Amino acid sequence: MADGMHHDSAPGTTALLRELAAAHGVGTSYWGWDGVERSVPESTLRGVLAALGVPAADTDAIERSLDEARLAPWRRLLPPVAVAREGQELLINVHVPHGSAVSVWIAAEDGTTHKAAQLENWDSPVDVDGVLTGRATFALPGTVPLGWHTLLADNAGTLAQCPMVVTPRRLHTTEALAGRRNWGLTAQLYSVRSSRSWGIGDLADLADLATITGQEGAGFLLVNPLHAAEPRPPVEDSPYLPTTRRFFNPLYLRVEEIPEYGYLGPDGRAEVERLANQQHSANHSTGLLDRNSSFGAKLAALELVFAVPRDPARSLAFADFCAREGRGLDDFALWCALAEKLNTDAPQWTAEAATPDTPYCNEQRALLAGRIEFHRWLQWLCDQQLEAAQCSARRSGMEIGVIHDLAVGVKPGGADAWSLAGVLARNVTVGAPPDMFNQQGQNWTQPPWHPLRLAESGYAAYRDMLRTVLRHAGGIRVDHILGLFRLWWIPEGAGPGEGTYVYYDHEAMIGILALEAQRAGAIVIGEDLGVFEPWVRDYLAERGIFGTSILWFEHDADGPIPPERYRQQCLTSVNTHDLPPTAGYLAGEHVTLRESLGLLRRPVDEERAEAVAEQEAVLGMLRERGLLPEPGHQDVQRTVEALYAFTTLTPSSLLGVALVDAVGETRTQNQPGTSTEYPNWRVPLAGPQGPVLLDALPADQGFRSLVGTIRSALPPEE
Numbered sequence: 008m009a010d011g012m013h014h015d016s017a018p019g020t021t022a023l024l025r026e027l028a029a030a031h032g033v034g035t036s037y038w039g040w041d042g043v044e045r046s047v048p049e050s051t052l053r054g055v056l057a058a059l060g061v062p063a064a065d066t067d068a069i070e071r072s073l074d075e076a077r078l079a080p081w082r083r084l085l086p087p088v089a090v091a092r093e094g095q096e097l098l099i100n101v102h103v104p105h106g107s108a109v110s111v112w113i114a115a116e117d118g119t120t121h122k123a124a125q126l127e128n129w130d131s132p133v134d135v136d137g138v139l140t141g142r143a144t145f146a147l148p149g150t151v152p153l154g155w156h157t158l159l160a161d162n163a164g165t166l167a168q169c170p171m172v173v174t175p176r177r178l179h180t181t182e183a184l185a186g187r188r189n190w191g192l193t194a195q196l197y198s199v200r201s202s203r204s205w206g207i208g209d210l211a212d213l214a215d216l217a218t219i220t221g222q223e224g225a226g227f228l229l230v231n232p233l234h235a236a237e238p239r240p241p242v243e244d245s246p247y248l249p250t251t252r253r254f255f256n257p258l259y260l261r262v263e264e265i266p267e268y269g270y271l272g273p274d275g276r277a278e279v280e281r282l283a284n285q286q287h288s289a290n291h292s293t294g295l296l297d298r299n300s301s302f303g304a305k306l307a308a309l310e311l312v313f314a315v316p317r318d319p320a321r322s323l324a325f326a327d328f329c330a331r332e333g334r335g336l337d338d339f340a341l342w343c344a345l346a347e348k349l350n351t352d353a354p355q356w357t358a359e360a361a362t363p364d365t366p367y368c369n370e371q372r373a374l375l376a377g378r379i380e381f382h383r384w385l386q387w388l389c390d391q392q393l394e395a396a397q398c399s400a401r402r403s404g405m406e407i408g409v410i411h412d413l414a415v416g417v418k419p420g421g422a423d424a425w426s427l428a429g430v431l432a433r434n435v436t437v438g439a440p441p442d443m444f445n446q447q448g449q450n451w452t453q454p455p456w457h458p459l460r461l462a463e464s465g466y467a468a469y470r471d472m473l474r475t476v477l478r479h480a481g482g483i484r485v486d487h488i489l490g491l492f493r494l495w496w497i498p499e500g501a502g503p504g505e506g507t508y509v510y511y512d513h514e515a516m517i518g519i520l521a522l523e524a525q526r527a528g529a530i531v532i533g534e535d536l537g538v539f540e541p542w543v544r545d546y547l548a549e550r551g552i553f554g555t556s557i558l559w560f561e562h563d564a565d566g567p568i569p570p571e572r573y574r575q576q577c578l579t580s581v582n583t584h585d586l587p588p589t590a591g592y593l594a595g596e597h598v599t600l601r602e603s604l605g606l607l608r609r610p611v612d613e614e615r616a617e618a619v620a621e622q623e624a625v626l627g628m629l630r631e632r633g634l635l636p637e638p639g640h641q642d643v644q645r646t647v648e649a650l651y652a653f654t655t656l657t658p659s660s661l662l663g664v665a666l667v668d669a670v671g672e673t674r675t676q677n678q679p680g681t682s683t684e685y686p687n688w689r690v691p692l693a694g695p696q697g698p699v700l701l702d703a704l705p706a707d708q709g710f711r712s713l714v715g716t717i718r719s720a721l722p723p724e725e
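Shown next, in the form of structure tokens:
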């Protein structure tokens, strides 16, 4: 038998293995999309436990690991972290030599101190490595304010501390929107260009798009993730497969908006203009976007602007930014500088450059100081241009402004996988179990958070990522928010269907998300589509997190649900970036495309018939409401507008209007289940007459008509 393969264990060992898995939050069975409960194979449990650092190769190892799991809490004076809800008492256990005294208190971030009261605890003492150890229970008072605090314990002069987080009971920003309705555009920023873009939509375009739609009465603008990709071409096209989720993509910078650009000498200015002009012609093409060409030109221009001396005020602002972002920014900039000279498969990444603090990396920090400064500077510029875009959004009258999107995870071999290796799991990736659309399951090739190590770090990396994304945001959309409850882990070498769910402390993950959003004055939208346990949506609603409803997916056993039954605390939209624009969807483009890519599981005629039947069920409801004439009319735009008018009949607080639908685009932006087969994330914004530039958007007939439909159905607030 090959190495690493296991015979099925004896019944006793199987039971122990399942007990060990459960002790570490690893699912031993799961309910499939077809309603059938499936048992997780032993090989998967062993692979996932190994990725968690838990030995489980044989019966002896499993028994030792079970003992370790039982004793682990008793070995610590304090738990790794304490996460409480505002206004609620939290009970924690403290472990000390039996009979010895201990006191516990909280040092709050505002400088105040809060004493914890000891409660009765009759748990029997336990022998821990030869020391009889007792357990004391303390109540952390519900009067501790929201925020990041320190929990301390003193046991006869032995001091211990751990982070304590107090999170909102319910997100206040959601409460503020209750009873009001906001509509907004949803757009793939890179696809939305103006005559001044460098072939790719950028942050100046974001500010202009926000201004245009804000003046039309929109309350928000939701864009794709703007996370950073590789530091030099070639770069990843998918915004959902970034190298980091904390920092932004300099591809989105508008070079001419950088103040130092104005002080370039004549030669430098001429060179930047030459580079820009090379890219401008692409703005007028409906051909595929070329990120590599745009980014290469921008980097050449940015190098020239970087060499311009900054005045004292700008120098101080840059220094403040670097100090605020701290070690996280330093490590990211170091990774960028290293990644410019080392290929992704270079041996150094697994040897002398394996982590940010090796002797080699410390040496490189000095040798590459200039490049590191350049990459820090790019992030500072992104921060400034994002701030300007959000200011433009609010100035134009938007109540919420720009809503950023948070991807599920990051690329293996990217900046986060490298600098956050201590809180990510190795030899395992994240994906999805088999479902109706993907019978083999999906492997997203992303390393997951390690639940215990993330908790032991006080969730610092998670918090810092949220802070950066939220700094200039009116909201955040969390892609696959169910991943904050559980993720489908696939051991290395296994197929996507050979995984299992690993559970996270959702009280901590959702609570910290709510805390950071509340501090930023932002709303949170959870993309809660797909397979999930029924209580999850209730939990999210209770914490003040908005859900997501897509018109085509909202049905029960009797067919499409009427608009009155949609959720109020929800972003409701007609479509999503994983479907064709609505005009294309009505024409069956999704079936045609999947057929051409060989993704259908049954004859194309059956697929088409089902797609038409699903659409007819929805369109029939529109006719009943008087939103559409009887069957037979061929006006696609009128049908699209009727579908959006239907969403205004729901009680949902947030209504999303896809920019592609407003301009009559039919091409699909992303085809799930493909990577190279279809040019995902490379389709520029166009309509029936060709490319649609921002310059012409305010006067675009389709845009004016669809926005008018929404505005007339949603009268302005009193």
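The sequence shown begins at 8 in the numbering used here and counts up one residue at a time.
Glycine included, C-beta positions come from ideal geometry on N, C-alpha and C.
Given the structure is predicted, the values throughout are model-derived calculations rather than measurements.
query                                                                                                                                                                              : result
Which residues bound the beta strand (DSSP E) around E44?                                                                                                                          : 44-46
Might you give, ordered along the chain, the residues of its own chain that have their beta carbon closer than 8 Å to the beta carbon of M12, omitting 5 neighbours on each side?  : A caution first: M12 carries a pLDDT of 41, below 50, which makes its placement in the model too unreliable to give a value.
Near A114, which residues of its chain fall below 7 Å by C-beta distance, leaving aside the five closest residues on each side in sequence?                                        : T120, H156, T157, L159
Does the count of Cβ pairs from the region 426-440 and the region 254-262 closer than 8 Å reach three?                                                                             : no
Pick from R177, T35, S131, A123: whose alpha carbon is nearest that of E523?                                                                                                       : R177
On the premise that V415 lies in contact with Y247, defined as a C-beta separation below 8 Å, what is that separation, rounded to the nearest angstrom?                            : 7 Å
In the structure shown, what three-state DSSP assignment does F539 receive?                                                                                                        : coil
Which residue from F313, I517, W387, N445 puts its Cα closest to that of L473?                                                                                                     : I517
Have a look at R45, A146, L489 and flag the residue whose alpha-carbon is nearest the alpha-carbon of V90.                                                                         : A146
T218 and A235 look like a contact to me (Cβ under 8 Å); what is the Cβ gap, rounded to whole Å?                                                                                    : Not really, about 26 Å apart at Cβ, beyond 8 Å.
Can you tell me whether DSSP reads G6 as helix, strand or coil?                                                                                                                    : Because the chain in this structure spans residues 8 to 725, residue 6 falls outside the shown range and cannot be described.
Suppose the cutoff is 8 Å on Cβ atoms and the five residues either side in sequence are ignored; what does the same chain contact list for Q453 look like?                         : L248, V415, G416, V417, K418, P419, T436, V437
Thinking C-alpha only, which one of E596, I557, D565 is nearest V611?                                                                                                              : E596
Compare the C-alpha of L427 against each of A376, A361, R401, L184 and name the closest.                                                                                           : A361
For Q95, count neighbouring Cβ atoms within 10 angstroms of its own Cβ and tell me buried if that reaches 16, exposed if not.                                                      : exposed
Considering just the uninterrupted stretch of the beta strand (DSSP E) at D3, what are its terminal residues?                                                                      : Given that the chain is displayed from residue 8 to residue 725, the structure contains no residue 3 and the question cannot be resolved.
Going straight from the alpha carbon of V729 to that of A307, what length do you get?                                                                                              : Any question about residue 729 goes unanswered here, given that the chain covers just 8 to 725.
Might you give, ordered along the chain, the residues of its own chain that have their beta carbon closer than 8 Å to the beta carbon of E725, omitting 5 neighbours on each side? : The pLDDT assigned to E725 is 45, lower than 50, so where the model puts this residue is not dependable, and the model offers no usable value.
Going by beta carbon distance, what residues of the same chain come within less than 8 Å of P321, once the five residues before and after it are set aside?                        : Residue identity differs from the one stated: residue 321 is Arg in this sequence, not Pro. So the qualifying residues of the chain are P266, E267.
Look up Y508 in the DSSP assignment and say whether it is helix, strand or coil.                                                                                                   : strand
Distance check for E223 and E631, CA to CA, integer angstroms please.                                                                                                              : 30 Å
What did DSSP end up calling H234 once you bin it into helix, strand or coil?                                                                                                      : strand
With 16 other CB atoms within 10 Å as the buried threshold, where does A9 fall?                                                                                                    : Low local confidence applies: a pLDDT of 38 at A9 is under 50, so the model's placement there is unreliable, with the coordinate-based value given in what follows. Exposed, because fewer than 16 other Cβ atoms sit within 10 Å of the Cβ of A9.
Helix, strand or coil: how does DSSP classify S580 here?                                                                                                                           : strand
Among residues of its own chain, excluding the 5 on either side of H14, which ones have a beta-carbon nearer than 6 Å to its beta-carbon?                                          : Here the model assigns H14 a pLDDT of 46, short of 50, so the residue's position is not dependable and the matter cannot be decided.
Compute the beta-carbon to beta-carbon distance between N677 and H562, rounded to the nearest angstrom, for a pair I have assumed lies under 8 Å.                                  : No, N677 and H562 are not in contact; Cβ-Cβ is about 23 Å, not under 8 Å.
Is the number of C-beta pairs between the region 502-516 and the region 49-64 that are closer than 8 Å three or more?                                                              : yes
To which residues of the same chain is E359 closer than 7 Å at the C-beta, ignoring the five residues directly before and after it?                                                : T365, Y367
Do the region 280-292 and the region 203-210 make contact, defined as three or more Cβ pairs closer than 8 Å?                                                                      : yes
Let me check understanding here. Comparing Cα to Cα, which of C577, I568, G528 lies closest to L547?                                                                               : C577
Do T655 and L604 come within 8 Å of each other at the CB atom, strictly closer than that value?                                                                                    : no
Pull up the distance between the alpha-carbon of R71 and that of L494, whole angstroms please.                                                                                     : 26 Å
Output the residue ranges of the alpha helix (DSSP H) runs that lie fully inside the region 475-535 and measure 4 residues or longer, sorted by chain position.                    : 513-527
Can you find the residues in the same chain that come closer than 7 Å, C-beta to C-beta, to K122, ignoring five residues on each side of it along the sequence?                    : W112
Going by C-alpha distance, which of N687, L593, T165 is nearest G84?                                                                                                               : According to the sequence shown, residue 84 is Leu rather than Gly. Closest option to L84, Cα to Cα, is T165.
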